[in-house]
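Asker: Handing you this structure, nothing more for now.
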Amino acid sequence: MIYQIQAVTWRGGMAHQQDAVLIAPKVYQHKGLISHHYETKRFCVAVADGVSSSPYSALASRTLLKLAAAMYADSGAVDFAELQHQLNQALTDDRHEGASSTLVCAYVMDDEIVLKHLGDSRAYYYNGASWACLTTDHSFMNELKADGVVSHDEYASCYGALMGYFAVDRMADVSTVKMASYQTLGLRAGECLLLCSDGFSEVLDGRFLPMGNQVSLKDWLSDSINQIRQNKPKWQLDNISAVLVRCVNEIRGEDVQ
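Taking UniProt numbering, the leading residue of the sequence shown gets 1, the next gets one more, and so forth.
The following block contains the structure:
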């Protein structure tokens, strides 16, 4: 299979960019950028969203993706427990303690795509006609739902607090990633995989644009940013990042890896 890949990262209305995007080995963390277009047989892509409770959240998300890229290059897989351990080893200054980030990651292993996530950055699947969410946020609200305590979302915003994420925490180390989720999938020609931060998914709330075969990845990402702009004033927008993967039958460009 051949996969087309392109990403967008935008600061939105925030003072700092805490999101980061990976199209291995390249990590993007900019105030506003659509990445280069790639066509490849193997890939490792990811979106990391720094948790805003730490002033070093941007560093945490960027470091996490650099470590994930190196791990995939070395072993062909991304192990979340080992990634958490390496994050603690990479950020050793006492000021970094508590720096945190979500992560949603997808990579080719053998003949399938492995999808892993921790936190509220999401993955969506396009079957050629409609989009469907593949992940469940690791939030307090979803924990309550799983326990049968609540059945809808009409509760205080504090219930949306994250329960799982990567964090620089040398005392807990890998215990912070025990909630990580794992699944595998395959893409056929014309089908797509979207990874995005909550700033992207929450504004659009699943109302994503269709992704026809004649629509370029760059146009879809650009149109989606415009769609977000129309839904909320810029000053209300969070950081917004997404990486889009489309399966095609044949090579259409020059950047094959």
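Beta carbons: idealized from backbone N, C-alpha and C, even for Gly. No experiment lies behind these values; they were computed from the predicted model shown.
1. Spell out the partners DSSP gives ILE240 in its beta bridges.
2. Quick test of the definition: if touching needs 3 or more C-beta pairs under 8 Å, does the stretch 79 to 93 touch the stretch 23 to 42?
3. Around the Cβ of PHE200, are there at least 16 other Cβ atoms within 10 angstroms (buried) or fewer (exposed)?
4. How big is the Cα-Cα spacing for THR92 and ASP219?
5. I need the DSSP call for ALA48, collapsed to helix, strand or coil.
6. Taking the alpha carbon of SER57 as the point to measure from, which residue in MET71, GLY190, ASN239 and VAL245 has its own alpha carbon closest?
7. Which residue from TYR182, LYS31, VAL248 and HIS138 puts its Cα closest to that of VAL21?
8. Using only alpha-carbon positions, find the residue among ALA15, ALA7, THR136 and GLN4 that is nearest to ASP237.
9. Taking only the alpha-carbon atoms, compute the straight-line gap between GLN227 and ASP111 and give it to the nearest angstrom.
10. Does LEU83 come out as helix, strand or coil in the three-state DSSP assignment?
11. Give the secondary structure of SER224 by DSSP, where H, G and I count as helix, E and B as strand, and everything else as coil.
12. Please determine, among ARG11, ASP94, ALA99 and VAL248, the residue with the shortest C-alpha to C-alpha distance to GLY50.
13. Can you give me the start and stop residues for the alpha helix (DSSP H) that TYR72 sits inside?
14. Does the stretch 67 to 77 come into contact with the stretch 129 to 139, if we say contact requires no fewer than three beta-carbon pairs (one atom in each stretch) closer than 8 Å?
15. Grab me the residues of SER101's own chain with a C-beta within less than 7 Å of its C-beta, minus the 5 sequence neighbours each way, in chain order.
16. VAL245: buried (16+ other C-beta within 10 angstroms of its C-beta) or exposed?
17. Note down, in chain order, each residue of its chain lying with its Cβ closer than 6 Å to the Cβ of HIS96, except the 5 sequence neighbours on either side.
18. Give me the residue from TYR38, SER121 and LEU115 with the minimum Cα distance to LEU162.
19. Going straight from the alpha carbon of ALA172 to that of GLN89, what length do you get?
20. Verify whether the separation of the beta carbon atoms of VAL248 and ASN231 is less than 7 Å.
21. Determine the direct distance from the alpha carbon of ARG170 to that of VAL104, and round the result to whole angstroms.
22. Which same chain residues, not among the five before or five after VAL108, have their C-beta less than 7 Å away from its C-beta?
23. Which residues in the same chain as ILE225 place their Cβ atom closer than 8 Å to its Cβ, once the five residues preceding and following it in sequence are excluded?
24. On the premise that LEU217 lies in contact with GLN17, defined as a C-beta separation below 8 Å, what is that separation, rounded to the nearest angstrom?
25. Helix or strand or just coil, what does DSSP make of ALA99?
26. So what does DSSP say about GLY199, is it helix, strand or coil?
Answerer: According to the data block:
1. Residue pairing by DSSP places ILE240 opposite TRP10 in a beta bridge.
2. Fewer than three Cβ pairs drawn from the stretch 79 to 93 and the stretch 23 to 42 lie within less than 8 Å of each other, which leaves the two stretches out of contact.
3. It counts as buried.
4. One C-alpha to the other measures close to 41 Å.
5. It is a strand residue.
6. Cα-wise, what sits closest to SER57 is ASN239.
7. Measuring from the Cα of VAL21, the nearest candidate turns out to be LYS31.
8. Looking at the sequence shown, residue 237 is not Asp but Leu. For LEU237, the closest C-alpha among the options ALA15, ALA7, THR136 and GLN4 is that of ALA15.
9. The straight-line gap from Cα to Cα measures roughly 35 Å.
10. Looking at LEU83 - three-state DSSP - the assignment turns out to be helix.
11. Helix.
12. The candidate whose alpha carbon is nearest that of GLY50 is ALA99.
13. Segment 57 to 75, the alpha helix (DSSP H) holding TYR72.
14. Verdict: no, contact absent.
15. Once the five neighbours on either side are set aside, the close Cβ partners of SER101 are ALA48, ASP49, GLY50, VAL51, SER57, ALA60, SER61, LEU64, TYR165 and PHE166.
16. It counts as buried.
17. Closer than 6 Å at the Cβ level, and outside the excluded window around HIS96, lie TYR56 and VAL168.
18. It is SER121 whose Cα lies nearest to the Cα of LEU162.
19. One C-alpha to the other measures close to 13 Å.
20. It is not a contact, given that the beta carbons lie outside the stated cut-off.
21. Rounded to whole angstroms, VAL104 and ARG170 show a C-alpha spacing of 22 Å.
22. For VAL108, where only same-chain residues beyond five positions count, the Cβ hits under 7 Å are ARG42 and PHE43.
23. Here the set comprises VAL8, TRP10 and ILE240.
24. Not a contact, Cβ separation roughly 21 Å.
25. If DSSP states are grouped into helix, strand and coil, ALA99 belongs with coil.
26. Secondary structure at GLY199: helix, using DSSP grouped into helix, strand and coil.
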